[in-house]
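Q: In my numbering, the protein residues as written are 38 to 383. I'd like to ask some things about the structure below.
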Ligand SMILES: [Mn+2]
């Protein structure tokens with residue numbers, strides 16, 4: 038499995054690929070720096086970086102020649118005339134500089150072609166994502182023992198993040214969401230100075246990066262006990278998630294999976310309270326393709342790794358979201374998240 042070779046196989050003889058985004062640099066070479074470029078052509082594998090990174094690049098990127106110097110210089114000496122580039126990962130200033138400096142070349146935006154292979158995870162990638170998600174599960178168990186009424190959301194988020202870092206995580210995969218009480222109605226309510234109090238719902242949506250791959254999970258718990266309305270929305274969200282999880286398999290439309298969950302929420306009377314899409318793919322980056330969204334035209338394939346995260350959000354009252362990460366299989370899915378989904382009261 039040589040990813041760079043698979044990409045090179047798609048190229049004509051006069052085409053090369055310029056890779057500038059951190060995720061694809063890592064995916065195609067193993068090199069972990071964003072201050073670099075990869076250049077791939079039929080018979081070329083080059084990393085362009087500066088003296089700060091040359092040792093690291095030659096250690097991490099097997100099979101690549103390390104070119105220490107400026108990108109413009111490299112491009113001026115390569116023979117290919119059509120250069121695929123990552124139009125979502127190249128600042129306009131850099132694009133302007135290289136296209137002005139290499140008048141004999143054409144730059145062709147090819148983001149989706151360059152990123153496409155990352156949709157289907159190989160066994161090694163799935164193992165890494167599963168390990169990251171398992172660390173998330175352990176962090177969740179840990180935080181349940183830690184949370185006490187009167188603590189701030191920021192204290193709770195910090196403890197969660199510290200736990201994951203102490204267990205080997207490189208960083209969080211996104212800014213930890215820790216939203217309690219009425220704040221839990223904000224789907225992306227990052228931790229604030231608010232204290233968690235008896236009667237609050239508390240939504241924790243968090244993840245870590247382990248061995249270069251992200252985890253992502255959400256649980257909503259109760260501080261001190263739920264009232265009837267909280268219990269009702271919790272059970273609607275859980276049923277919605279379950280409806281989607283039992284239908285996921287290769288060959289299904291992503292939009293169809295979204296609809297299975299969305300219909301349960303609408304039938305429960307909360308259709309207006311679920312604004313976001315059901316899920317997204319996760320890998321080297323926290324948001325990858327395909328998405329489980331009403332607007333998606335994608336079909337699921339075995340090896341996609343997607344989140345399934347329905348929610349109900351009621352302004353002034355609070356919200357519930359439950360999120361698992363699953364690997365799509367030919368005949369179903371494998372859930373990588375094992376934290377309890379029964380109502381948890383701390
Ligand atoms: Mn997510």
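No residue lacks a Cβ here, since even glycine has one placed at the ideal position from N, Cα and C. All figures in this text were calculated on a predicted structure; none of them were measured in a lab.
(1) For a quick check, are the C-beta atoms of residue 209 and residue 192 less than 7 Å apart?
(2) For residue 229, tell me which candidate among 187, 131, 266 and 254 has the shortest Cα-Cα distance.
(3) Can you tell which of 88, 258 and 39 has the C-alpha that lies nearest to the C-alpha of residue 67?
(4) Would you say residue 121 lies against chain C (beta-carbon separation less than 7 Å)?
(5) Kindly indicate which three-state DSSP category residue 162 falls into: helix, strand or coil?
(6) Quick check: is any heavy atom of ligand 1 less than 6 Å from the C-beta of residue 344?
(7) Taking only heavy atoms of ligand 1 into account, decide whether any of them is closer than 6 Å to the Cβ of residue 230.
(8) Quick one: what does DSSP say residue 300 is sitting in, helix, strand or coil?
(9) Could you say which of 309, 293, 348 and 298 lies nearest to residue 334 if we only look at CA atoms?
(10) Would you kindly report the start and end of the unbroken beta strand (DSSP E) that includes residue 52?
(11) Quick check: the Cα distance between residue 361 and residue 221, rounded to an integer number of angstroms?
(12) If distances are taken between C-alpha atoms only, which option among 205, 121 and 50 comes closest to residue 75?
(13) Check this for me: beta carbons of residue 384 and residue 212, under 7 Å apart or not?
(14) Using a Cβ-Cβ cut-off of 6 Å (strictly less than) and excluding sequence neighbours within five positions of residue 368, which residues of its own chain qualify?
(15) Just verifying my parser: in three-state terms, what is the DSSP assignment at residue 373?
(16) Assuming residue 115 contacts residue 73 (C-beta within less than 8 Å), just tell me the rounded distance between them.
(17) What is the rounded straight-line gap between the Cα of residue 184 and the Cα of residue 171?
(18) Could you round the C-beta distance between residue 83 and residue 52 to whole angstroms and report it? I think they count as a contact, below 8 Å.
(19) In whole angstroms, give me the CA-to-CA distance for residue 374 and residue 323.
(20) Mind checking whether residue 357 and residue 271 have CB atoms under 7 Å apart?
(21) In terms of residue numbering, what span does the alpha helix (DSSP H) encompassing residue 256 cover?
(22) Let me make sure I understand the geometry here. Which of 127, 97, 224 and 265 has the alpha-carbon closest to that of residue 63?
(23) Just to confirm, is the Cβ distance from residue 331 to residue 295 under 7 Å?
(24) With a CB to CB cut of under 6 Å and the five nearest residues on each side skipped, what residues in its chain are close to residue 237?
(25) Can you tell me whether residue 162 is buried or exposed? The criterion is at least 16 other CB atoms within 10 Å of its CB, across all chains shown.
(26) Leaving aside the five residues before and after residue 178 along the sequence, list all residues of the same chain whose C-beta is less than 8 Å from its C-beta, in chain order.
(27) Just to confirm the assignment: which complete alpha helix (DSSP H) runs, minimum length 4, are found wholly within the stretch 140-188?
A: Judging by the given coordinates:
(1) What you label residue 209 is simply residue 172 of the chain shown in a count that begins at 1. What you label residue 192 is simply residue 155 of the chain shown in a count that begins at 1. Between residue 209 and residue 192, the C-beta spacing is not below 7 Å.
(2) Numbered from 1 along the chain shown, position 192 holds the residue referred to as residue 229. Closest option to residue 229, judged by alpha-carbon separation, among 187, 131, 266 and 254: 187.
(3) By one-based count along the chain shown, residue 67 stands at place 30. By alpha-carbon distance to residue 67, the top candidate from 88, 258 and 39 is 39.
(4) Structure shown: chain C not included; a single protein chain is present.
(5) Locating residue 162 in the chain shown gives position 125, where the first residue counts as 1. Under the three-state reduction of DSSP, residue 162 is assigned to helix.
(6) For the purposes of this step, residue 344 is taken as residue 307 along the chain shown, with counting starting at 1. Yes - ligand 1 has a heavy atom lying nearer than 6 Å to the Cβ of residue 344.
(7) Counting from one through the chain shown, the residue named residue 230 turns up at place 193. Relative to ligand 1, even the nearest heavy atom lies 6 Å or more away from the CB of residue 230.
(8) Here residue 300 refers to the residue found at position 263 when the chain shown is read from its first residue. Helix at residue 300.
(9) For the purposes of this step, residue 334 is taken as residue 297 along the chain shown, with counting starting at 1. Here the closest residue by C-alpha is 293.
(10) Here residue 52 corresponds to residue number 15 of the chain shown, with the count starting at 1. Residue 52 -> beta strand (DSSP E) spans 52-56.
(11) What you label residue 361 is simply residue 324 of the chain shown in a count that begins at 1. What you label residue 221 is simply residue 184 of the chain shown in a count that begins at 1. When only Cα atoms are considered, residue 361 and residue 221 end up about 18 Å apart.
(12) Walking along the chain shown from the start, residue 75 turns up at place 38. When each option's Cα is compared against that of residue 75, the closest is 121.
(13) The shown model of the chain, from 38 to 383, leaves out residue 384, and the question about it has no answer.
(14) As a position in the chain shown, residue 368 is number 331, starting the count at 1. Within the same chain, residue 368 has close Cβ partners 286.
(15) For the purposes of this step, residue 373 is identified with residue 336 of the chain shown, where counting begins at 1. Residue 373 falls in the coil class under three-state DSSP.
(16) Position 78 of the chain shown, counting from 1, holds the residue named residue 115. Position 36 of the chain shown, counting from 1, holds the residue named residue 73. Not really, about 16 Å apart at Cβ, beyond 8 Å.
(17) Within the chain shown, residue 184 is the residue found at index 147, counting from 1. Within the chain shown, residue 171 is the residue found at index 134, counting from 1. C-alpha separation (whole angstroms): 20 Å.
(18) To locate residue 83, count along the chain shown from 1; it is residue 46. To locate residue 52, count along the chain shown from 1; it is residue 15. Rounded, the Cβ-Cβ distance is 15 Å, inconsistent with contact.
(19) Position 337 of the chain shown, counted from the start, is the residue given in the question as residue 374. Position 286 of the chain shown, counted from the start, is the residue given in the question as residue 323. Between residue 374 and residue 323, the alpha-carbon positions lie close to 16 Å from each other.
(20) Within the chain shown, numbered from 1, the residue matching residue 357 stands at position 320. Within the chain shown, numbered from 1, the residue matching residue 271 stands at position 234. In this structure, the beta-carbon distance from residue 357 to residue 271 falls below 7 Å.
(21) Sequence index remark: in the chain shown, residue 256 carries index 219 (1-based). For residue 256, no alpha helix (DSSP H) encloses it; the enclosing beta strand (DSSP E) starts and ends at 254-259.
(22) For the purposes of this step, residue 63 is taken as the residue at position 26 of the chain shown. Taking only the C-alpha atoms, the option nearest residue 63 is 97.
(23) As a working note, residue 331 is residue 294 in the chain shown. As a working note, residue 295 is residue 258 in the chain shown. Closer than 7 Å, so yes.
(24) Along the chain shown, one-based indexing puts residue 237 at 200. The residues are 217, 218 and 260.
(25) Your numbering for residue 162 matches position 125 in the chain shown. Here residue 162 is buried. Its C-beta has 16 or more other C-beta atoms within 10 Å.
(26) In the chain shown, residue 178 corresponds to position 141, counting from 1. Exclusion of the five residues before and after residue 178 leaves 376 as the residues of its chain whose Cβ lies within less than 8 Å of its Cβ.
(27) Within the stretch 140-188, the complete alpha helix (DSSP H) segments at least 4 residues long are 148-152 and 160-183, listed from N- to C-terminus.
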